[in-house]
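Below is one structure, written out as structure tokens; the observations come after it.
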Amino acid sequence: MKFCTDDIFVMGRAHYTSGIPCQDYALSEIHRDGVVACALVSDGCSSGNKTDVEARLIVLETAKTIGDYVTAGDLSAHAAKSWIISQRDRRLSNTRCAMRLTKRDILATCLFVCLSDKGGFFHVEGDGVLIKKYRNGHVIMTRIDWPNSAPFYPGYREHGLADFIAFHGNDLSAPIVQSETWTMSPEGTCTADSSRAYTLKEGVEGLLFPVTDVEELELVGVCSDGMTQIDRIDWKQAVRDLIAFKSVAGSFAKRRMRRFVEDAQRAGGRGPTDDLSGAFIRIEHESERSDS
Amino acid sequence: MPRLMDENMQAGVAGGFGFSSTRIEKLGATEYTLVTIVIDWTGSVHPFAKQLREALILAVNGCRKSPRSENLLIRVLVFSSALPGGIMELHGFKLLKDIDANDYPEFTPGGMTPLFDAAYAATTGTIAYAQQLIDSDFGVNGIEYYLTDGDDNVSSATPAMIAQVKRNAIAKEALESLVTILVAINAKQYEAKLKKFQKNAEIDQYVDVQDATEGRLAKLAGFISTSTDSQAQAMGSGGPSKDITSATF
Numbered sequence: 009m010k011f012c013t014d015d016i017f018v019m020g021r022a023h024y025t026s027g028i029p030c031q032d033y034a035l036s037e038i039h040r041d042g043v044v045a046c047a048l049v050s051d052g053c054s055s056g057n058k059t060d061v062e063a064r065l066i067v068l069e070t071a072k073t074i075g076d077y078v079t080a081g082d083l084s085a086h087a088a089k090s091w092i093i094s095q096r097d098r099r100l101s102n103t104r105c106a107m108r109l110t111k112r113d114i115l116a117t118c119l120f121v122c123l124s125d126k127g128g129f130f131h132v133e134g135d136g137v138l139i140k141k142y143r144n145g146h147v148i149m150t151r152i153d154w155p156n157s158a159p160f161y162p163g164y165r166e167h168g169l170a171d172f173i174a175f176h177g178n179d180l181s182a183p184i185v186q187s188e189t190w191t192m193s194p195e196g197t198c199t200a201d202s203s204r205a206y207t208l209k210e211g212v213e214g215l216l217f218p219v220t221d222v223e224e225l226e227l228v229g230v231c232s233d234g235m236t237q238i239d240r241i242d243w244k245q246a247v248r249d250l251i252a253f254k255s256v257a258g259s260f261a262k263r264r265m266r267r268f269v270e271d272a273q274r275a276g277g278r279g280p281t282d283d284l285s286g287a288f289i290r291i292e293h294e295s296e297r298s299d300s
Numbered sequence: 593m594p595r596l597m598d599e600n601m602q603a604g605v606a607g608g609f610g611f612s613s614t615r616i617e618k619l620g621a622t623e624y625t626l627v628t629i630v631i632d633w634t635g636s637v638h639p640f641a642k643q644l645r646e647a648l649i650l651a652v653n654g655c656r657k658s659p660r661s662e663n664l665l666i667r668v669l670v671f672s673s674a675l676p677g678g679i680m681e682l683h684g685f686k687l688l689k690d691i692d693a694n695d696y697p698e699f700t701p702g703g704m705t706p707l708f709d710a711a712y713a714a715t716t717g718t719i720a721y722a723q724q725l726i727d728s729d730f731g732v733n734g735i736e737y738y739l740t741d742g743d744d745n746v747s748s749a750t751p752a753m754i755a756q757v758k759r760n761a762i763a764k765e766a767l768e769s770l771v772t773i774l775v776a777i778n779a780k781q782y783e784a785k786l787k788k789f790q791k792n793a794e795i796d797q798y799v800d801v802q803d804a805t806e807g808r809l810a811k812l813a814g815f816i817s818t819s820t821d822s823q824a825q826a827m828g829s830g831g832p833s834k835d836i837t838s839a840t841f
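For the record, the sequence lines run as chains A and B. Be aware that the first sequence starts at 9, since it is given in our numbering, and climbs by one per residue. Be aware that the second sequence starts at 593, since it is given in our numbering, and climbs by one per residue.
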């Protein structure tokens with residue numbers, strides 16, 4: 009099994025026209041000589057301050073921490089998540105302090121997926137889209153949304169968690185984090201799979217989605233919620249188009265995103281309204297590599 | 593005996609002429625500039641064939657200095673009626689890292705001048721490969737240099753055909769832009785005919801190197817690498833490079 013990764017982030021029209029920097033960031037890495045791969049995105053809060061900086065810091069720090077973890081253990085989801093998030097938050101706190109970031113700066117989501125040949129997991133702090141494409145051509149996509157456009161940001165653990173909880177009704181057991189999962193067939197037909205509401209407590213702790221079927225997978229990816237705000241394009245269609253890689257060497261995601269945005273604009277829309285980021289891990293299986 | 597194809601390369605046909613190019617699955621960047629250098633190999637260039645080869649080596653190696661050097665795919669053609677079909681690829685579209693310019697063979701010019709065929713072969717090859725790249729989500733533009741010391745006298749293709757194929761490609765957005773440059777070397781007596789060719793084939797620029805001295809050919813090499821860099825940096829702008837260096841020799 010061989011992992012190949014790529015990532016891309018683009019500025020949305022709203023930020024382009026208002027002069028706000030791109031507040032999305034994406035990164036993908038391979039660790040331990042190809043044994044583990046990770047893909048990460050972050051989306052800074054538009055109404056925050058230097059949240060573009062936080063988006064970069066949180067992704068870089070999380071990726072580094074994943075790299076450190078994989079030298080220490082395997083990717084059993086719960087144990088890995090606990091270690092990675094606690095270590096990352098500790099280091100990030102030091103970095104934020106050194107950079108004198110304020111509570112209005114440290115507002116950015118963090119979504120990632122990490123994989124080894126034995127499995128892995130998605131982790132969601134905030135909102136966005138998770139993608140799994142199977143070797144048989146089926147795609148499972150999960151969208152996570154928070155009410156009132158107020159997703160959880162890991163930075164709240166450092167400043168403002170009580171206010172955030174109060175904003176969302178002060179009831180940690182309230183099922184407010186919505187997820188909807190759809191399956192897309194190879195022919196492009198979408199079927200609603202399931203929808204589920206996670207509690208505020210679960211959202212604050214971070215949502216964990218183990219991956220146990222790596223052998224069946226062709227691609228996994230995470231995208232920011234900019235995926236759900238593409239002018240005139242439904243988010244499921246956007247996912248389908250964005251992962252329809254025509255060639256898979258090198259910057260496969262960057263090429264596809266570039267063409268996707270051009271096509272969206274050419275079709276009369278304006279393309280991404282919000283900043284958009286995606287990070288992907290392609291899985292090349294031994295049988296496919298020997299056939300090629 | 594057929595040439596053995598490098599396993600990274602693929603063969604194609606465009607405009608009735610064969611061309612080779614790097615397999616798409618070997619390309620990792622998001623965009624490329626397709627560079628074609630077309631060189632006169634007819635009998636009249638014999639006196640300066642060595643300098644012409646050195647200029648080619650200098651030009652190709654000069655392209656390595658470009659910040660966009662990893663986004664260049666370079667093809668080199670030579671033309672002469674003494675060659676089978678009038679055209680020969682020294683190599684197809686290759687990344688700079690896959691080209692050792694010192695491997696260019698000694699030039700053995702002879703025969704008459706299928707200049708129009710060579711320009712047509714260059715342009716159709718560029719457009720065909722560009723379409724493949726575009727279909728695979730790559731961004732593409734191109735630049736072609738036709739180096740000649742004389743007017744055409746044996747081609748099947750016409751200047752109008754060259755102009756048409758380029759117009760069609762731009763209209764279809766087969767590539768973002770294509771800049772074509774006719775370079776006259778030691779060709780003062782053919783200036784009027786070459787400028788007529790430029791006009792009828794809608795070639796973007798005419799450059800007169802004048803005498804084929806070592807110094808002027810070295811300057812030509814610099815012009816080629818600078819212009820190539822300029823076109824490569826114009827990628828994404830939606831149009832050709834606006835500031836192709838005006839050359840004085």
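Ideal Cβ placement from N, Cα and C applies to all residues, glycine included. Small disclaimer: the values here were computed from a predicted structure and weren't measured.
For residue i, tell me which candidate among the options has the shortest Cα-Cα distance.
| i | options | result |
| --- | --- | --- |
| B:E768 | B:M827, B:D690, B:R667, B:P676 | B:M827 |
| A:T117 | A:T73, A:G52, A:A87 | A:G52 |
| A:V185 | A:G196, A:D171, A:D153 | A:D153 |
| B:N600 | B:L786, B:A674, B:I691 | B:I691 |
| B:K758 | B:T740, B:Q781, B:Y712, B:A776 | B:Y712 |
| B:F699 | B:Q723, B:K791, B:V668 | B:V668 |
| B:D632 | B:D743, B:S817, B:G807, B:E806 | B:D743 |
| A:S94 | A:M192, A:V269, A:T73 | A:T73 |
| A:T207 | A:S187, A:H167, A:R108 | A:S187 |
| B:K791 | B:G620, B:L687, B:A641, B:F708 | B:F708 |
| B:M753 | B:V670, B:C655, B:G608, B:L644 | B:G608 |
| B:Y738 | B:Y696, B:D796, B:K618, B:I762 | B:D796 |
| A:G331 | A:F17, A:K262, A:G279, A:I251 | Outside the shown range of chain A, which is 9 to 300, sits residue 331 of chain A, and nothing can be said about it. |
| B:L644 | B:T740, B:P832, B:R615, B:I762 | B:T740 |
| A:A71 | A:H39, A:V212, A:G27 | A:H39 |
May I ask you to report which of helix, strand or coil DSSP gives residue i?
| i | result |
| --- | --- |
| A:L208 | helix |
| B:L688 | helix |
| B:P594 | With a pLDDT of 45 at B:P594, under the threshold of 50, the predicted position of this residue should be treated as unreliable, though the coordinate-derived value follows. In this structure, B:P594 counts as coil in the three-state DSSP scheme. |
| A:A144 | Reading off the sequence, residue 144 of chain A comes out as Asn, not Ala. If DSSP states are grouped into helix, strand and coil, A:N144 belongs with coil. |
| A:H86 | helix |
| B:G814 | helix |
| B:G608 | coil |
| A:P155 | helix |
| A:Y161 | coil |
| B:V775 | strand |
| B:Q797 | strand |
| A:K111 | coil |
| A:D299 | Low confidence applies here, because A:D299 scores a pLDDT of 49, under 50, leaving its location unreliable; read the following figure in that light. Reduced to three states, the DSSP call for A:D299 is helix. |
| A:A45 | strand |
| A:F17 | strand |
| A:L227 | strand |
| A:L180 | coil |
| A:V185 | strand |
| A:S55 | coil |
| B:G828 | coil |
Under 7 Å Cβ to Cβ from residue i, same chain only, skipping five residues before and after it: list those, please.
| i | result |
| --- | --- |
| B:A810 | A647, L650 |
| A:E224 | Y142, R143 |
| B:P542 | This structure cannot settle anything about residue 542 of chain B, because the visible part of chain B is limited to 593 through 841. |
| B:P594 | With a pLDDT of only 45 at B:P594, under the threshold of 50, the placement of this residue in the model should not be trusted, and no figure is reported. |
According to DSSP, what are the bridge partners of residue i?
| i | result |
| --- | --- |
| A:F268 | DSSP lists no partner for A:F268. |
| A:W190 | A:M149, A:A200 |
| A:K10 | A:E292 |
| A:V6 | Residue 6 of chain A lies beyond the residue range present for chain A, which begins at 9 and ends at 300; the question has no answer from this structure. |
| A:H39 | A:V44 |
| A:V137 | A:R151, A:C231 |
| A:Y33 | A:S50 |
| A:G286 | A:I16, A:C231 |
| A:P280 | A:I238 |
| B:Q602 | B:S613 |
Given residue i, which residues of its chain have a CB within under 8 Å of its CB, disregarding the five upstream and five downstream residues?
| i | result |
| --- | --- |
| A:I289 | F11, C12, T13, S36, A45, C46, A47, V121, L123, L227, V228, G229 |
| B:E765 | I726 |
| B:P659 | D821, Q825 |
| B:L786 | T740, D743, L774, A776, A779, Y798 |
In its own chain, which residues sit with a C-beta less than 6 Å from the C-beta of residue i, not counting the 5 before and 5 after it?
| i | result |
| --- | --- |
| A:A246 | M235, I238 |
| A:D299 | Residue confidence for A:D299 is low, a pLDDT of 49 falling below 50, so the modelled location carries little weight and cannot support an answer. |
| A:T189 | T150, D201, S202 |
| B:E794 | A755 |
Start-end ranges of the alpha helix (DSSP H) lying completely within the segment 732 to 766 of chain B, minimum 4 residues: 751 to 763
Ranges of the beta strand (DSSP E) found wholly within the segment 615 to 698 of chain B, counting only runs of at least 3: 623 to 632, 664 to 671, 679 to 687
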